[in-house]
Structure formats: C-alpha cells, structure tokens
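Trainee: Protein chains in written order, with full-length UniProt numbering: chain A, 1 to 355; chain B, 1 to 355. Using N, Cα and C, we set each Cβ at its ideal position, and we do this for glycine too.
Now the structure itself:
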C-alpha cells in the first residue's frame, strides 16, 4: 500500500478507550470512518465510531470479520495479544508495524533496543528470579524500581526498592513474573516528545512537553517545557532515531529524563500518548490526527505550536470538579464518557491555554 | 428541567449533515451521547454518533422511538416539519424552543420580529403575488432581491432584480411561493455574531467574524473582523437583544451588514452557523460545544479568542485541493465525510491560523 487511503475508508482500532475515542474523532475530521474492536462492554470510543465489535481478542471469527471490514488497522494500547495481531495481519495491514509492538511490550527488550541505538537509559538488569534481583540490587544499588517486563502501565506492576533489605522476597510479590530492575536516575524533570513518521519516512515532532506525575499517573503536561535549545534539539533527534530504527509509521511517545548529564530515555509507547493531549488546543493538527495521517499514507500535518498549554488529567474523583472546571476561563474540557468512576481511572482531561 | 443534564445522557439531533456531525463530536467531549434522526441515507453525522435513525420526518413511529431514546432534542437545520416537532415535543424538550424556529422559518415573520425589536433591517415588502411585486419594486426600487419566504438557503430560492422591467413575470419563476422583496443595502462588508444563551439566561458571544460569499455561498470567515470598538459592541448587543427576546437556549447566528449608517441585520439562523467554524481552532470552547452546553443546562464556556483564524469553505470540486491543503502550514482540515461531491455542496472547511 503506497497510495494514500481514499476518503471514506475504514480505520480499525484495537481498543476502545479514550485514545481510541480521540483517534476516532480525528479520523472523522479527515473524512474516514472507524471500527472499534474492544472486549469490554460500552467502550468510550464506541460513541463516536461508525461501528463497534464487542468480542474478546481470542474470538477468531470476530477478528476476521473485523479485519475484513477495515482498510487499515491500528491500536490504542500495546498489549494486544500476538495471536490476534497475526490473524488480523493476514488480512489487512497493521500500522504501526509489529516490530515496535514487540519491542515496547517488553521492558527488557525495549532497553536493549534503546541502548543499541546509542541512547542513554537508566542502569538496568534482567531479573528472572530472586537470586538475580539480589545480585542486581548489589550492583545497581537502591533506591531502584522493580518492574514486570510486560503488561505494566500507570505505575501498575512496579515496586520501589528503598534498600537492599527491602528487595528480599520481592519477586514473589510480583507473582513470579519476569522483571527488570531499573536504577535510580537523578533527574530534574521529565519531558516527552510526541513524534510521528509517515509512510514515506517523513518525521515530525511536536514541541516537547514537561510532565508531572502523581501516584505513578501523569498529572500535568506543560508546553513549552523547561529545556534549552540544545536539549530540545537532542530530544527531537532521539525521537527521530527511534522512529527510523523501527521503520515506524504513526505516532510514538518518548519519555525522557532531564539530567545534568543529558537526556535519558525512560520509555517509549508505540501509540498516541497522554502527554500529547495538549496538542488538541495548541496545534493546527493534533497528535490524533497526525497518527491517522501517518497510518493512512497521508502527508504529516503541521504540528507547530500556536499557544502555550497546560494539560491536566482528571483521575477518579476529579470528576467531582467538572462543574467548576466547566466555568473556568481559557479551559477546554475533554471527558471520555466512561460509564463509572474508579480511583486511578482516567476520566478526562482539561487543556488550559496559558498564552 | 432546571438541573444540568447528567453526563452520559443522550442528545437527539434532527438532521445528520456536517453541523450535526460537529455537534456530535462536541457532545462527546462533554461525555454525552448523540442520536441522529435523518431521512437521507449515510448521514455524515452518523459516523460519529452513538445511534442513527434513518426515517422520513413523516414517520410517526420512528419519531416517537427517537424521542423516547433521547433526553433532549436539538436540530441542525431550521426546516424540520412542524408536525414532527409537535410529536417529539410531546415526549422530550426541544432546544432551542419552537418560537425561534417559527420566526426564522419565514423571512417575512423574521423581518417583522427584528424590526419590532428596534433593529435595522433592509427595506422589505410582503410579496404574495405579481401585483404586489410590481408595486414593491416601484417603492423599494432596484437592484433588489426577491426571496421565497420559506425554505431558502445558500442562495437558493432567490432572484436578483436589476431593473423594474426584470421584475415582470418573476413570481411565476418562484412557482407561486409567497415571497419577500428586499431592497439593496449599500454595505461595505458582512459580519456575523455567533451568540449563545444558557438556560439561566446567561449570554456569551464569540468575536464577530467577517464573511465573504461566492455565488451566494459563504466562502471565508476572517477573525478579527474589520469593526470599530463601538461597532463590535453594537453587534454583540444586537445579538443579545435577539436572544433575550426569543428566550433562546442554544447558539444562534446573526448576519449583519456593515454600513456607514450602522449595522443592519441580514438574517438570523437558530443553530450553529457556518461562519462560526473558525471557533474550532480559535477558542477553548467552540460554537458546537457552546450549543451543547446551553441545551444541556451546563454553564456557557469561555469562548474568548486566542488566535487569529481564516475559515475557508471547501465547496464541490474544492475537494480536489485536499492533497495540497493537507500539506499547508498552520492549517486544520475538517472534512465532512459526504459520500459524493456535487457542485455547490459543502464538503469541508479549513481553518488557517494567521497569528
């Protein structure tokens, strides 16, 4: 497929959460339709999609019918089972490609990949068992963080180790899942680059955002980030190196720690990213549309920033603040239409124009 | 209904064109669902709505089922048959209210209403037949424009009269439909005010936009418009007077001619308006969300402008320019997903950030 996907084509999206929802809206702006595949009932993305399939990722017939209804398939989260992807890919292209998923699904593989590109990452060690953990704690030191290699997000599947003694028996807490130990990085702040690469290899990055987390979940992203001109250039070049190495098509998020010794890659996410939500109010073309453009073979759009923005996530009970937020000046509300509020659940976000 | 509509409620929209489509997207941002009622197949709004009913406005059973599925009903165009509105209103509130529709559906009623408010309108006359036209042309003069009282839009149902002789026999061209003759207004330019009024009577206006038409169809809207501070204030006060007189709830568009003698009201539209599309890139809360906020009993949002924007409509073959527009700097594309291109059909628009 080298020609741009014609207007009116259908984009399949694996996952029906808020990212799928905002991708679906962006697709509509370009005249595309979307079809959501989501195991859970009442997916938020379903409210703004042309079609929804509610089925588990193990339902081969549903996957085949979904694939045959779509002209291209993408995903809003990186933990789609390989078997489902195999089945879909036999019928219709998946973008971004499988290599990016394979790498980002496993923290160890990801770190090896990034290091192989010559990028700086935190000190890390492969932790298959408790003995490996004890050895790694001795070499990497504490504080450090033990993370499952797979299926972790928003602080889940992580244990912070404050001392070597605290590491004792920790692997059993992780349910025996293979882990990675990450050494402590003395960073001043975290930034992220939302980067896009087109079918033809064109790369475009949004202005880096500065991220603040609370309880392991993104709290705010502020643009512009506190970065020198050379740090900004470094950040963008690092993102571009990752995209090119993966022969990536679509939008990818790169989280970076800012340290006196330079930028250190924390992690990558092969999809639109929470820290890129500010682009909805700050750019002519936001991260969701940029992803749709990339995967459909369109040229990338102009993502240059025309306003200063602070994005704030609305988590769980933050929903109680909606009536007050609705009255705030210079504030765009984005609610995800989730059926119920749970602690730690992302329910929406606001973008505040600050200049 | 005085309490705001709870999140997750369903908003019914009569009409499934591009305005319904963009209303639907705005509703999703606030966590609402939408249900489109549209006689035509494949409505553009259906791609981003939770539900679609495809049925004629004469299908009472379909209307009743639609009404019972909705918590509030609004419309994207003003020519919904009265019988359909009666049936829906027996089950669920319609916003804006029927009075605004009644007035704006008839050009003569509208002019009488505006004049009754003390607002300036072009000289006009009621034209039931050819004799009335001949008499009116003698008093109002030429050039002037003969318009059908009902069902005209985008230059349809209009004949420009260049001379008294040209008026001869014109009423038979109009198929005998009752008309209004409008005298010529020597205006320098046209502006429009997109104004909103909440359930509690709060009024908010977007910055006036300056409109340029081609072949009777809106071509561009530019903000800021060329207006003095006092003209700007006049424009906003005129819009507010109209909203209050109608006890209006929702967004309304007011088109104004700028003349050396002051502002003259051209027409009003009781809905979101093409000349307000620039708000999608220029304001934290756009006209579509403002309408949804108003009709659901939410507070109005902050529609202050944070960027200069030029909106350009893409009509018919303008779609051939999409590949080139997609590469333009500072440009947001909005395509409506219409199945086929026709001359004069609105296919999309672009918003260009100019500062």
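Which same chain residues end up closer than 8 Å to residue 236 of chain B when comparing Cβ atoms and leaving out the 5 residues on each side of it in sequence?
Mentor: Along the second chain, one-based indexing puts residue 236 of chain B at 236. Around residue 236 of chain B: 193, 195, 205 and 208.
Trainee: Measure the C-alpha to C-alpha separation of residue 141 of chain B and residue 184 of chain B and round it to an integer number of angstroms.
Mentor: If you number the second chain from 1, residue 141 of chain B lands on position 141. If you number the second chain from 1, residue 184 of chain B lands on position 184. Whole-angstrom Cα-Cα distance: 8 Å.
Trainee: Have a look at B:12, B:340 and B:54 and flag the residue whose alpha-carbon is nearest the alpha-carbon of residue 34 of chain B.
Mentor: Along the second chain, read from residue 1 onward, the residue named residue 34 of chain B stands at position 34. Of the listed residues, the one whose Cα sits closest to residue 34 of chain B is B:12.
Trainee: Taking only heavy atoms of the ligand MN into account, decide whether any of them is closer than 7 Å to the Cβ of residue 52 of chain B.
Mentor: This structure lacks the ligand MN, and indeed carries no ligand of any kind.
Trainee: Within 8 Å of any Cβ in chain B, is that where the Cβ of residue 41 of chain A sits?
Mentor: In the first chain, the residue the question calls residue 41 of chain A occupies position 41. For residue 41 of chain A, not one C-beta of chain B is nearer than 8 Å to its own C-beta.
Trainee: Which parts of the segment 183-269 of chain A are runs of the alpha helix (DSSP H), unbroken and 4 residues or longer, counting only runs that do not cross its ends?
Mentor: 229-245
Trainee: Which of the three DSSP states is assigned to residue 78 of chain A in this structure?
Mentor: As a working note, residue 78 of chain A is residue 78 in the first chain. The answer is coil: DSSP assigns residue 78 of chain A none of H, G, I, E or B.
Trainee: Work out the CA separation of residue 347 of chain B and residue 341 of chain B for me, nearest whole Å.
Mentor: Along the second chain, read from residue 1 onward, the residue named residue 341 of chain B stands at position 341. Along the second chain, read from residue 1 onward, the residue named residue 347 of chain B stands at position 347. Those two C-alpha atoms are separated by around 7 Å.
Trainee: Who are the near neighbours of residue 3 of chain A in its chain, counting only those whose CB is closer than 8 Å to its CB and skipping five residues on each side?
Mentor: Here residue 3 of chain A refers to the residue found at position 3 of the first chain. So the qualifying residues of the chain are 297.
Trainee: If we ignore side chains and look at the alpha-carbon of each, how far apart do residue 7 of chain B and residue 230 of chain B end up?
Mentor: Here residue 7 of chain B refers to the residue found at position 7 when the second chain is read from its first residue. Here residue 230 of chain B refers to the residue found at position 230 when the second chain is read from its first residue. Residue 7 of chain B and residue 230 of chain B have their C-alpha atoms spaced approximately 40 Å apart.
Trainee: Cα separation between residue 275 of chain B and residue 303 of chain B?
Mentor: One-based indexing of the second chain puts residue 275 of chain B at position 275. One-based indexing of the second chain puts residue 303 of chain B at position 303. Roughly 15 Å between the two C-alpha positions.
Trainee: Which residue marks the beginning of the beta strand (DSSP E) containing residue 158 of chain A, and which one marks its end?
Mentor: Translated into positions along the first chain, residue 158 of chain A becomes position 158. Element bounds for residue 158 of chain A: 158-161.
Trainee: Residues in the segment 271-297 of chain A with C-beta within 7 Å of chain B's C-beta atoms, listed in sequence order?
Mentor: For the segment 271-297 of chain A, the set of residues with a beta-carbon nearer than 7 Å to any beta-carbon of chain B comprises 281, 284 and 285, in chain order.
Trainee: Under the DSSP definition of a beta bridge, which residues are partnered with residue 33 of chain B?
Mentor: Locating residue 33 of chain B in the second chain gives position 33, counting from the first residue. Residue 33 of chain B pairs with B:10.
Trainee: Rounded to a whole number of angstroms, what is the C-alpha to C-alpha distance between residue 349 of chain A and residue 151 of chain A?
Mentor: In the first chain, the residue the question calls residue 349 of chain A occupies position 349. In the first chain, the residue the question calls residue 151 of chain A occupies position 151. The alpha-carbon atoms of residue 349 of chain A and residue 151 of chain A are separated by roughly 24 Å.
Trainee: So, helix, strand or coil for residue 274 of chain B, using DSSP?
Mentor: As a position in the second chain, residue 274 of chain B is number 274, starting the count at 1. In the structure shown, residue 274 of chain B sits in a helix (DSSP, three-state: H, G or I).
Trainee: In chain A, which residues lie less than 7 Å from residue 332 of chain B when you measure between Cβ atoms?
Mentor: As a first step, residue 332 of chain B is located in the second chain; it is residue number 332 there, counting from the start. Within 7 Å Cβ-Cβ: 284 and 285.
Trainee: May I ask you to report which of helix, strand or coil DSSP gives residue 348 of chain B?
Mentor: For the purposes of this step, residue 348 of chain B is identified with residue 348 of the second chain, where counting begins at 1. If DSSP states are grouped into helix, strand and coil, residue 348 of chain B belongs with the strands.
Trainee: Quick check for students: name the residue ranges of the alpha helix (DSSP H) that lie wholly in the segment 50-115 of chain A, counting only runs of 4 or more.
Mentor: Runs found: 60-69, 82-89 and 98-104.
Trainee: Return no unless some Cβ of chain B is closer than 8 Å to the Cβ of residue 317 of chain A.
Mentor: Position 317 of the first chain, counted from the start, is the residue given in the question as residue 317 of chain A. By the rule that beta-carbons nearer than 8 Å mark a contact, residue 317 of chain A does not touch chain B.
Trainee: Check residue 305 of chain A in the structure and name its three-state DSSP category.
Mentor: By one-based count along the first chain, residue 305 of chain A stands at place 305. The answer is strand: DSSP assigns residue 305 of chain A an E or B state.
Trainee: Going by DSSP, what residues sit across from residue 121 of chain A in a beta bridge?
Mentor: On the first chain, position 121 is the one that residue 121 of chain A refers to. Bridge partners of residue 121 of chain A: A:265.
Trainee: How about residue 182 of chain B and residue 257 of chain B: do their beta carbons lie closer than 8 Å?
Mentor: On the second chain, residue 182 of chain B is found 182 positions in, with the first residue counted as 1. On the second chain, residue 257 of chain B is found 257 positions in, with the first residue counted as 1. No. Outside cutoff.
Trainee: Pull up the CB-CB distance for residue 110 of chain B and residue 15 of chain B, whole angstroms please, since I reckon it's below 8 Å.
Mentor: Taking the second chain and counting its residues from 1, the one referred to as residue 110 of chain B is at position 110. Taking the second chain and counting its residues from 1, the one referred to as residue 15 of chain B is at position 15. Actually they do not touch by this definition, with Cβ atoms about 20 Å apart.
Trainee: Taking only beta carbons into account, state which residues of the segment 42-63 of chain A come closer than 7 Å to chain B, listed in chain order.
Mentor: Of all residues in the segment 42-63 of chain A, only 47, 48 and 50 place a beta-carbon less than 7 Å from a beta-carbon of chain B.
Trainee: Helix, strand or coil for residue 322 of chain B per DSSP?
Mentor: Indexing the second chain from 1 puts residue 322 of chain B at position 322. Three-state result, residue 322 of chain B: helix.
Trainee: Using DSSP with H/G/I as helix, E/B as strand and the rest coil, what is residue 312 of chain A?
Mentor: The count along the first chain starts at 1 and reaches residue 312 of chain A at position 312. Strand.
Trainee: Out of B:305, B:299 and B:254, which one is the CA nearest neighbour of residue 104 of chain B?
Mentor: Sequence index remark: in the second chain, residue 104 of chain B carries index 104 (1-based). Of B:305, B:299 and B:254, the residue nearest in Cα terms is B:254.
Trainee: Let me make sure I understand the geometry here. Which of A:221, A:54, A:147 and A:19 has the alpha-carbon closest to that of residue 271 of chain A?
Mentor: As a position in the first chain, residue 271 of chain A is number 271, starting the count at 1. Cα-wise, what sits closest to residue 271 of chain A is A:19.
Trainee: Going by other Cβ atoms of all chains shown within 10 Å of its Cβ, with 16 needed for buried, is residue 61 of chain A buried or exposed?
Mentor: For the purposes of this step, residue 61 of chain A is identified with residue 61 of the first chain, where counting begins at 1. By the neighbour-count rule (16 or more Cβ atoms within 10 Å), residue 61 of chain A is not buried but exposed.
Trainee: Which first and last residues belong to the beta strand (DSSP E) in which residue 5 of chain A is found?
Mentor: The residue you call residue 5 of chain A lines up with position 5 of the first chain. Run containing residue 5 of chain A: none; DSSP gives neither H nor E here.
Trainee: Ends of the beta strand (DSSP E) at residue 148 of chain B?
Mentor: On the second chain, residue 148 of chain B is found 148 positions in, with the first residue counted as 1. From DSSP, the beta strand (DSSP E) with residue 148 of chain B extends over 144-148.
Trainee: Where does residue 134 of chain B sit, in a helix, a strand or coil, going by DSSP?
Mentor: On the second chain, residue 134 of chain B is found 134 positions in, with the first residue counted as 1. Residue 134 of chain B falls in the helix class under three-state DSSP.
Trainee: By the criterion of Cβ-Cβ separation under 8 Å, what are the contact partners of residue 326 of chain A in chain B?
Mentor: As a first step, residue 326 of chain A is located in the first chain; it is residue number 326 there, counting from the start. Here the neighbours are 293, 298, 299 and 301.
Trainee: Out of curiosity, what's the CA-to-CA distance linking residue 265 of chain A and residue 215 of chain A?
Mentor: Here the question's residue 265 of chain A lines up with position 265 in the first chain. Here the question's residue 215 of chain A lines up with position 215 in the first chain. Their Cα atoms are separated by approximately 20 Å.
Trainee: When DSSP labels each residue in this structure, what does residue 331 of chain A get in the three-state scheme?
Mentor: Locating residue 331 of chain A in the first chain gives position 331, counting from the first residue. Here residue 331 of chain A sits in strand by DSSP.
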